[in-house]
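Here's the structure, in structure tokens; my notes come after.
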Amino acid sequence: MALNVSRKVPSDDQQPVGDDARRAADAADQALIARWLAGDERAATELVDRHADALARFAASMGERTDVEELVQDTLVRAFGSLDAFRGDSSLRTWLFTIERRLMLDRRRSERRRPERVSVEEGDAVTEFTALDGMVADEARVEVLAAVAALSPLQREVFTLRVTEGLSYREIAEIVGSTEGAARVHYHHAMRAVKERLHD
Amino acid sequence: MTDCPDGTTRDLLPDFVHGRLGAAATARVTAHLAACASCADEVRLLRTVLSAAMATTPALDRARLVGALPAPPRAGVRPIDAVSGRPATGRAGARPGSASGASAWRWSTWRIAASVATIGIGGLSVVLLQRNGQAPSAIVATPTTVAASPAAPASGPVVAPSVAASPAGGSTTVAAVEAAEAAPLPAGGGMADLADEEVESLLHDIDNFDGVPDANPQPAVAVPRAGGVL
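First to last, the sequence lines map onto chains A and B. Count along the first sequence starting at 1, add 110, and that's the number in the numbering used here. Count along the second sequence starting at 1, add 112, and that's the number in the numbering used here.
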């Protein structure tokens, strides 16, 4: 059957309550940013608590294994370095993901220039997740992660942000520099590819 | 297994898994899942991906992360754009293309100022060259003449030092070269500045100038002519 990707706007009863929850989360982030800018360094701890795990999940899902914490730290340092210019046109988490994604892309570019280091590409998915056997007891999880790792980088980003982080297509589009419709199509193509790989 | 044709409901499944649907939407999706094996499978898949992602994410040292953060900025310090790593020009967190009007105005001002400065420097250069007696055209193309005579006027106009060929002997006249080198650099002026004798001499030199190549190419190796003269 052909992929049925609806672009219809959900009716009111289908609207995710996440919209309200996100607005509340955004307001809380703004309040913490204001406190930090006013000199309250404890606000930084709260902001790290709210977002660091999501950044680590995104990095790990994108194939970063050994340097996840370093990547999260670089992301946070860079974000806090310009937090006084953040006005909240997008959510703080979306902004953080955008920074982290840029850092990951920069790292991959530099790794390509250093052939002695082995970079994780699409073809390395099986090897990459064979190493996770010891970490993930459930065989089904290993298979699913291998299927996700076999996606194209863009599909993998969109799929991860939608499934693991529950972001909306609009937020995903902001992060990956795409349109909302394109993000939706990438997600459904990724879902189909994962299913096909699991059913092989 | 085929995908569910209800794309609207399928779009909501990740939000359903994250518990982000309203009561009505949750009830609707739940009812749909009871009747649609494809969507029920997809929800199981989404939950597996989510749990696998949680299980494989390394634990973070929060204290280390917080300790590495910079101190709150001082007022007046220009922030760095976190995404690009360059000094911020617009608003951080703003969407692409939504730069504020103030920054766009500053950019236009800089462009206009750069254009005015370029035009001004160019015009000043021309004026200075003209004051020094050098026509701008002399820099580009100085008429080159064949100095056939050592009597080339020392203060004469547009006579460039050149390898002089004597029409009589065909050899380079050292005195002519030295005289030409001693002369000031070619400056502005024209034929009107030359005396009648100088004009005649110049025309004579031009008439005898042997600068036009032969119709037949010369041999690569000089062949001695009769009399042993090359």
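Note that the Cβ used here is the ideal one computed from N, Cα and C, for glycine as well.
So residue i contacts chain B; which residues on that side make the cut at Cβ distance below 8 Å?
i, result
"D163 of chain A", "T169, L172"
"R203 of chain A", "In chain order: nothing, as chain B lies at least about 11 Å away."
"G149 of chain A", "P184"
"A303 of chain A", "In chain order: nothing, as chain B lies at least about 12 Å away."
"A293 of chain A", "Per Cβ cutoff of 8 Å: no residues; A293 of chain A is ~11 Å from chain B at best."
"R266 of chain A", "Within chain B, no residue comes near R266 of chain A; the closest Cβ sits about 11 Å away, beyond 8 Å."
What in chain A is Cβ-close to residue i, meaning under 7 Å?
i, result
"V161 of chain B", "V254, V258, V273, T274"
"V178 of chain B", "A154, T155, V158"
"L158 of chain B", "V273"
"L181 of chain B", "A154, L186, V187, F190"
Return the chain-ordered list of same chain residues with a C-beta closer than 7 Å to the C-beta of residue i, the five sequence neighbours on each side being excluded.
i, result
"A137 of chain B", "L124"
"C148 of chain B", "C116"
"L264 of chain A", "V286, H296"
"R132 of chain A", "S201"
"T121 of chain B", "V141, H144, C151"
"D127 of chain B", "L133"
"E174 of chain A", "L181, M214"
"T72 of chain A", "Given a span of 111 to 310 for chain A in the structure shown, any question on residue 72 of chain A remains unanswerable."
"P248 of chain B", "Bear in mind that the predicted position of P248 of chain B carries a pLDDT of just 49, short of 50, making it unreliable; the figure below should be weighed with that in mind. Closer than 7 Å at Cβ, skipping near neighbours: V238, L241."
Pull up the distance between the alpha-carbon of residue i and that of residue j, whole angstroms please.
i, j, result
"P185 of chain B", "R188 of chain A", "13 Å"
"L206 of chain A", "L186 of chain A", "8 Å"
"S150 of chain B", "A169 of chain A", "30 Å"
"S262 of chain A", "R156 of chain B", "23 Å"
"H161 of chain A", "D310 of chain A", "36 Å"
"A341 of chain A", "A250 of chain A", "This structure cannot speak to residue 341 of chain A, because chain A is shown only from 111 to 310."
"D308 of chain B", "L314 of chain B", "10 Å"
"E281 of chain A", "L240 of chain B", "60 Å"
"G198 of chain A", "L181 of chain B", "20 Å"
"V178 of chain A", "A165 of chain B", "13 Å"
"A195 of chain A", "Y279 of chain A", "25 Å"
"T274 of chain A", "A146 of chain B", "24 Å"
"A175 of chain B", "D159 of chain A", "10 Å"
"A119 of chain B", "R302 of chain A", "Inspection of the sequence shows that residue 119 of chain B is occupied by Gly rather than by Ala. Rounded to whole angstroms, G119 of chain B to R302 of chain A spans 13 Å at the Cα level."
"A167 of chain B", "A225 of chain B", "58 Å"
"R338 of chain A", "T230 of chain B", "Because chain A spans 111 through 310 in this model, residue 338 of chain A falls outside it and cannot be assessed."
"A292 of chain A", "V268 of chain A", "10 Å"
"R219 of chain A", "D184 of chain A", "17 Å"
"A214 of chain B", "G234 of chain B", "Unreliable placement is indicated for A214 of chain B, whose pLDDT of 42 sits below 50; no coordinate value is reported for it."
"E151 of chain A", "H299 of chain A", "44 Å"
"S192 of chain A", "T176 of chain A", "27 Å"
"S237 of chain B", "A137 of chain A", "59 Å"
"R243 of chain B", "A183 of chain B", "59 Å"
"D216 of chain A", "F190 of chain A", "19 Å"
"K305 of chain A", "S163 of chain B", "17 Å"
"T114 of chain B", "G149 of chain A", "56 Å"
Please state the DSSP three-state secondary structure of residue i.
i, result
"L172 of chain B", "coil"
"L133 of chain B", "strand"
"A214 of chain B", "Because the pLDDT at A214 of chain B is just 42, under 50, the model does not fix this residue reliably, and the point stays unresolved."
So residue i contacts chain B; which residues on that side make the cut at Cβ distance below 9 Å?
i, result
"R280 of chain A", "Correct list: empty, because the minimum Cβ distance to chain B is about 10 Å."
"R314 of chain A", "Residue 314 of chain A falls outside the range modelled here, since chain A spans only 111 to 310, and no answer is possible."
"V178 of chain A", "T169, P170, L172"
"A131 of chain A", "R132"
Excluding the 5 residues flanking residue i on each side, which residues of the same chain have their C-beta closer than 8 Å to its C-beta?
i, result
"T169 of chain B", "none"
"R223 of chain B", "none"
"E284 of chain A", "S200, T204, T208"
"V182 of chain A", "A162, L165, A166, A169, E210"
Would you please state the rounded distance, in angstroms, between the beta carbons of residue i and residue j? I believe it to be under 8 Å.
i, j, result
"V129 of chain B", "L158 of chain B", "5 Å"
"L147 of chain A", "E156 of chain A", "No, L147 of chain A and E156 of chain A are not in contact; Cβ-Cβ is about 14 Å, not under 8 Å."
"L161 of chain B", "V252 of chain A", "Residue 161 of chain B is actually Val in this sequence, not Leu. Not quite, the Cβ-Cβ distance comes to about 12 Å (not below 8 Å), so this is no contact."
"R294 of chain A", "M172 of chain A", "About 20 Å; that fails the 8 Å criterion."
"L257 of chain A", "R307 of chain A", "The sequence shown places Ala at residue 257 of chain A, rather than the Leu named in the question. Contact flag correct, Cβ pair sits at about 4 Å."
Could you pull out every residue in the same chain whose Cβ sits closer than 6 Å to the Cβ of residue i, ignoring the five residues on either side in sequence?
i, result
"L277 of chain A", "L271"
"A154 of chain A", "W146"
"D139 of chain A", "L202"
"I318 of chain B", "none"
At a CB-CB cut-off below 7 Å, which residues of chain B make contact with residue i?
i, result
"S171 of chain A", "A165"
"Q183 of chain A", "L177, A180"
"R218 of chain A", "By Cβ distance, chain B contributes nothing, its closest Cβ being about 16 Å from R218 of chain A, past 7 Å."
"A250 of chain A", "T160"
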